[in-house]
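Just add 27 to the spot in the sequence shown (first one is 1) and you have the numbering used here.
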Amino acid sequence: MLYAQIHLTLPAWVHEGIDAARPYPRDADKVALAIELSRRNIDAGSGGPFGAAVFGPDDRILSIGVNRVMPHACSLAHAETMAYMLAQQRTQRVRLNLDEEGRPVGPITLATSSQPCCQCYGATVWAGIDRLLIGARSEDVESLTDFDEGPLPLDWVGALEARGIVVARDIHRDAARDVLRRYGELDGPTY
28 MLYAQIHLTL
38 PAWVHEGIDA
48 ARPYPRDADK
58 VALAIELSRR
68 NIDAGSGGPF
78 GAAVFGPDDR
88 ILSIGVNRVM
98 PHACSLAHAE
108 TMAYMLAQQR
118 TQRVRLNLDE
128 EGRPVGPITL
138 ATSSQPCCQC
148 YGATVWAGID
158 RLLIGARSED
168 VESLTDFDEG
178 PLPLDWVGAL
188 EARGIVVARD
198 IHRDAARDVL
208 RRYGELDGPT
218 Y
């Protein structure tokens, strides 16, 4: 029999301490939340050291995501893609920054604990994100853990900006690196 459905979930702990009604007006606050999600994910043993959150134009959370690759045996269950899929389900929009008539509803912001890998980079292009906020860099991920972030265009920031996606890097980079370092020291599985 062929499988005909996919069931991906976030860990139960995401319902504790995440205030979806609270605004996060500062970029630093948005990335701090993503880093906190990554930390909680490894502390709970519920996935890899990556967290992400999608914010609407009112600076409130549309969705969050954490890495769930190993728990779900699904290489697509990265923090960013989990957050995108949940935001798309919530809004019923494939492109999060456009309404049903194709009119802009943004800005829509993704805050992520670490630079998107090649898979999440592609998902960012198609998800309808206006702003991408990043904690750690891919070289941090690869030097502090066993993850392979995959190939990106040489000027990946320029390529996103050419599509209208504003990119801000190194927001709380040291805090994001600390989570990666801790995970790397655990010598756990690569998610």
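Positions of the beta carbon are idealized from the N, C-alpha and C atoms, including for glycine.
Considering only the alpha carbon of each residue, which of D85, P52, L37 and V193 lies closest to M97? The residue given as residue 97 occupies position 70 in the sequence shown. Among D85, P52, L37 and V193, the Cα nearest to that of M97 belongs to L37.
P143 by DSSP, collapsed to three states: which one? Mapped onto the sequence shown, residue 143 falls at position 116. P143: coil per DSSP, three-state reduction.
Helix, strand or coil at I62 [DSSP, three-state]: Position 35 of the sequence shown holds residue 62. If DSSP states are grouped into helix, strand and coil, I62 belongs with the helices.
Tell whether a beta-carbon distance below 7 Å holds between I198 and A55. One-based indexing of the sequence shown puts residue 198 at position 171. One-based indexing of the sequence shown puts residue 55 at position 28. Yes, these two residues count as a Cβ contact at 7 Å.
State buried or exposed for Q116, treating a residue as buried only when at least 16 other CB atoms are found within 10 Å of its CB. Walking along the sequence shown from the start, residue 116 turns up at place 89. Looking at its Cβ environment, which holds fewer than 16 other Cβ atoms inside 10 Å, Q116 is exposed.
Taking the beta carbon of G129 as the centre, do at least 16 other beta carbons fall within 10 Å, making it buried, or is it exposed? Mapped onto the sequence shown, residue 129 falls at position 102. That one is exposed.
Can you list, in chain order, the residues of its chain with a C-beta nearer than 8 Å to that of S165? Leave out the 5 residues immediately preceding and following it. Residue numbering aside, residue 165 sits at position 138 when the sequence shown is read from its first letter. S141, Q142, C144, E176 and L179, listed in sequence order.
Cβ contact check for the stretch 167–175 and the stretch 187–198: 3 or more pairs under 8 Å: no
Does the beta-carbon of M28 have 16 or more other beta-carbons within 10 angstroms, so that it is buried, or is it exposed? Taking the sequence shown and counting its residues from 1, the one referred to as residue 28 is at position 1. So M28 ends up on the exposed side.
On the three-state DSSP scale, how would you describe T118? As a working note, residue 118 is residue 91 in the sequence shown. DSSP places T118 in helix when its eight states are reduced to three.
Between H105, V58 and L64, which lies nearest to E43 when the distance is taken from Cα to Cα? Reading the sequence shown from its first residue, position 16 is the one you call residue 43. The shortest Cα separation from E43 among H105, V58 and L64 belongs to L64.
Unbroken beta strand (DSSP E) run spanning V193, endpoints: Along the sequence shown, one-based indexing puts residue 193 at 166. Looking at the DSSP string, the run of the beta strand (DSSP E) that includes V193 is V193 to A195.
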